[in-house]
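Chains A and B, in that order, give the protein sequences. Quick note: full-length UniProt numbering has the first sequence finishing at residue 366, numbered continuously throughout. Quick note: full-length UniProt numbering has the second sequence finishing at residue 341, numbered continuously throughout. Ideal Cβ positions, reconstructed from N, Cα and C, are used throughout, including at glycine. In this text the structure is predicted, and so the values were computed from the model without any measurement. Accompanying notes for the structure given below.
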Amino acid sequence: MIHNQTIIKERPAPSSSVGAIAWLRTNLFNGPINTIFTLIGLYILYLLVVPTVQWAFLNADWIGTTRDDCSREGACWVFINARFTQFIYGLYPREEIWRANIVFAGFFTLIAWLAIPRLPLKRWVAVFALVGFPIVAYVLLHGGYFDMPRVPTHRWGGLMLTLLLATVGMVGALPIGIVLALGRRSNMPIVKSFCVVFIEFWRGVPLITVLFMASVMLPLFLPSDMSVDRLVRALIGLTLFQSAYMAEVIRGGLQAIPKGQEEAAAALGMTYWKRMGLIVLPQALKMMIPGIVNTFISLFKDTTLVMIIGLFDLLGIVQAALADSRWLGFSLEGYVFAAFMFWIFCFSMSRYSQYLERKLHTGHKR
Amino acid sequence: MMNKKHLVLLASAGAITLAGVATAQADTLEDTMERGAVQCGVSDGLPGFSAPDDEGNWQGLDVDVCRAVAAAVLGDADAVNYISLNAVERFTALQSGEVDVLSRNTTWTTTRDTTLGLNFTGVNFYDGQGFMVSRDLGISSASELDGAAICIQSGTTTELNLADYFRANGMEFDPIVFDTSEQTVGGFQAGRCDVLTSDTSQLAALRIQLDDPSGAMILPDVISKEPLGPVVRQGDDVWFNIVKWSLFAMLNGEEYGITSENAEEMLSSENPDVARLLGQDGNYGEGMGLEADWAYNILSQVGNYGESFERNVGMGSPLEIERGVNALWNQGGFQYAPPIR
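Pasting the structure below:
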């Protein structure tokens with residue numbers, strides 16, 4: 001009986017259930033309500049995207065050197081162009097910019113070296129990045145040695161200053177945060193209360209207050225012939241502030257490690273530092289990567305607050321440029337540029353943390 | 001226990017502060033010469049008064065005061081360390097010695113002059129609250145503003161002055177308050193109000209942010225007094241004199257027709273006023289611990305007050321502010337410098 005029936009040949013799935021059309025139908029147009037919302041959404045998108053593209057690209061002016069080169073129908077990127085060096089290096093003397101460039105190159109090379117898994121000698125590079133490079137960077141940026149003219153810190157600025165503040169803040173806040181988190185879980189009453197007070201104090205005041213204290217009050221308390229550089233003041237304030245946040249993030253990770261882990265390590269005869277360094281912290285830190293990166297990203301964006309104490313970070317130098325009477329009225333372009341730069345760095349950090357999570361995930365994923 | 005210890009710490013810090021302020025760098029001139037640069041506090045960006053240009057050099061009317069002091073003291077107008085300060089920290093920075101001259105569009109008031117341990121050295125810009133209106137309205141004086149909708153940037157003195165002025169003149173107005181200058185100018189542009197009020201120096205900067213600057217005009221009426229000038233610490237009279245006379249030298253330079261271009265020729269001038277100012281007849285810098293050519297350095301490197309005004313805020317700049325009350329005394333303004341002799 002069966003052989004009488006012709007076997008139906010394999011046919012491709014109907015066009016309505018595969019490919020782009022099917023995707024559209026299942027995701028955007030399945031049912032009247034979704035269709036309506038999709039259309040409304042598309043309309044809103046149209047309203048937003050078309051003027052933006054027109055402003056930012058089609059009607060924009062790209063070439064020129066003065067405000068007269070801008071038609072004002074669209075964005076005036078000429079302004080960003082003319083000020084680009086300043087946005088990157090701040091008021092750093094033009095003829096000394098090569099020094100900043102070396103530091104930039106070294107900075108990105110080291111980061112890339114540490115981030116790309118294939119490259120060898122990680123440990124030594126890390127040691128150099130933490131010990132050698134800051135000294136090299138300071139000597140180069142600040143000068144005063146090897147016939148390099150001194151460039152006082154109030155001339156540092158732009159993206160360079162933002163990166164400097166963020167990097168020093170991150171590199172400083174992580175170890176201090178770890179120590180504080182361990183201290184807060186300690187059984188020693190003095191250590192514990194110190195850590196609790198420290199964390200709660202710094203977490204309890206807004207960063208802007210910390211910076212104001214550092215820039216307005218501190219100079220009044222110091223003897224008049226002793227002045228702490230305002231960049232250093234900002235760096236210390238920023239680092240201590242962020243380390244308190246970091247401590248709580250890390251404490252969250254420490255609490256997630258079952259007590260048995262530490263007890264087992266203790267049973268093997270490990271000392272406190274070995275238990276922490278080899279067993280508990282590696283697991284806790286790995287688990288807290290999203291939280292740590294979150295803190296880093298917020299620190300990166302918080303650096304813009306140094307503007308209020310007269311340091312020209314990326315946003316600050318953009319604002320200062322907006323006050324040049326030859327370039328008045330291009331605030332939108334300036335802010336869009338600053339936002340874009342910040343987005344690039346924050347987005348890269350976020351992507352790298354996701355990569356790190358995938359790489360380090362060893363059975364914790366659900 | 002903890003608290004007590006804290007109190008002791010605070011008290012000792014306070015004592016150091018008081019001692020510090022009393023003797024705060026009594027010899028600013030010597031320190032400046034040793035450092036080779038004048039520590040000058042400027043605004044963190046104010047059109048025409050202080051802002052970095054495309055090359056990163058500070059430019060502006062307030063900046064020129066710093067440059068004048070540097071020229072007088074060190075003979076080099078570029079020997080200035082510019083410290084940008086916001087409105088809150090400017091006085092602290094001066095009191096604590098972080099800056100030696102504060103040239104940051106600071107209004108000279110009794111409170112500031114008498115209670116902060118500071119001295120105002122003069123006025124480099126007579127500012128005051130004014131009005132900008134659309135040319136289409138056909139208004140030529142503030143007295144015709146009865147019933148107008150007025151855009152204000154929130155900020156107590158501006159609002160207060162406005163209310164006082166309208167009450168005193170028996171007129172009504174409808175305030176529309178904005179947070180930032182960009183929003184204010186946007187509101188004016190969009191027609192939310194007929195009039196925009198702010199200090200006249202700011203109005204000029206706001207005006208060129210309009211799509212059509214020529215469609216708006218600034219009324220001649222000024223309803224408040226905002227004399228802006230450089231400030232120094234109290235207790236160092238030599239330094240006070242230097243800053244004061246640096247500004248006077250610029251004003252006298254304009255009065256006698258000495259510009260940055262002709263300063264060198266003027267050295268051989270027969271005019272006794274010019275000869276004294278440029279150090280060709282007597283040494284008038286001696287009393288301040290300066291060289292005889294102090295004023296020559298100012299005028300040749302920075303220029304006279306008129307040049308500085310035109311270049312930064314006047315007709316030679318995008319701001320196009322009229323000289324008005326900032327003209328010299330013999331040209332219908334207030335700017336008057338004591339003679340050099």
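- Contact note: L85 of chain B reaches chain A through G310, using a C-beta cutoff of 8 Å and chain order.
- With a threshold of 16 other beta carbon atoms within 10 Å, V103 of chain A meets it and is buried.
- Minimum Cα-Cα distance from Y245 of chain A among the listed residues A:H361, A:K286, A:I178 and A:S353 corresponds to A:I178.
- Taking a Cβ-Cβ threshold of 9 Å, none of the residues of chain B is close to H361 of chain A; the smallest such distance is about 45 Å.
- Burial is judged here by how many other beta carbons sit within 10 angstroms of a residue's own beta carbon; I40 of chain A has fewer than 16 and is exposed.
- L91 of chain A belongs to the set of residues whose beta carbon lies under 7 Å from a beta carbon in chain B.
- The Cβ atoms of V313 of chain B and L319 of chain B lie closer than 7 Å to each other.
- Annotation for V133 of chain B: the continuous beta strand (DSSP E) segment containing it runs Q129 to S134.
- For D324 of chain A, a Cβ of chain B is located within less than 7 Å of the residue's own Cβ.
- Residues of chain A whose Cβ lies closer than 8 Å to the Cβ of T32 of chain B do not exist; the shortest such Cβ separation is about 14 Å.
- Around the beta-carbon of S246 of chain B, 16 or more other beta-carbon atoms lie within 10 Å, marking it buried.
- Among the CB atoms of chain B, none fall inside 7 Å of the CB of A100 of chain A.
- None of the residues of the segment 265-278 of chain A has a beta carbon lying less than 7 Å from any beta carbon of chain B.
- Under DSSP, L228 of chain B takes part in a beta bridge, and its partners are B:T107 and B:F125.
- By the Cβ-count criterion, D68 of chain A is exposed, with fewer than 16 other Cβ atoms from all chains shown falling within 10 Å of its own Cβ.
- Within the same chain, and ignoring the five residues on either side of L219 of chain B in sequence, the residues whose Cβ sits closer than 8 Å to its Cβ are G130, F131, M132, V133, I139, S140, S141 and A142.
- For F84 of chain A, the enclosing alpha helix (DSSP H) begins and ends at W77 to Y89.
- With respect to E291 of chain B, G282 of chain B sits apart: the two C-beta atoms are not nearer than 7 Å.
- The distance from the Cβ of G90 of chain A to that of W23 of chain A is about 48 Å, inconsistent with a contact at the 8 Å cut-off.
- For D78 of chain B, the closest of B:I242, B:A149 and B:S300 by C-alpha to C-alpha distance is B:S300.
- Contact between G41 of chain B and A87 of chain B is absent: CB atoms are separated by about 11 Å, not below the 8 Å threshold.
- Cα atoms of M341 of chain A and D61 of chain A: separation of roughly 20 Å, rounded to the nearest angstrom.
- Listed along chain B, the residues sitting closer than 7 Å to P152 of chain A by beta-carbon distance are N81.
- Residue contact check for T184 of chain B against chain A: no CB pair falls below 7 Å.
- Between Y305 of chain B and G253 of chain B, the beta carbon gap of about 7 Å places them in contact (Cβ cut-off 8 Å).
- Residues of chain B with a Cβ closer than 9 Å to the Cβ of L211 of chain A do not exist, since the nearest Cβ in that chain sits about 10 Å away.
- Across the segment 86-101 of chain B, CB contacts with chain A closer than 8 Å involve N86, V88, E89, T92, A93, Q95, S96, G97 and E98, in sequence order along the chain.
- The beta carbons of Q39 of chain B and V99 of chain B sit about 5 Å from each other, so the pair counts as a contact at 8 Å.
- Residue-level contact by beta carbon holds for Q86 of chain A and chain B, with a gap shorter than 7 Å.
- Taking a 10 Å sphere around the C-beta of M276 of chain A, we find 16 or more other C-beta atoms and assign the residue as buried.
- Taking CB atoms only, V318 of chain A has no neighbour in chain B less than 7 Å away.
- The continuous beta strand (DSSP E) containing C40 of chain B extends over residues V38 to S43.
- Only those residues of the segment 50-77 of chain B whose C-beta falls short of 7 Å from the nearest C-beta of chain A are listed: A51, P52, D53, D54, E55 and G56.
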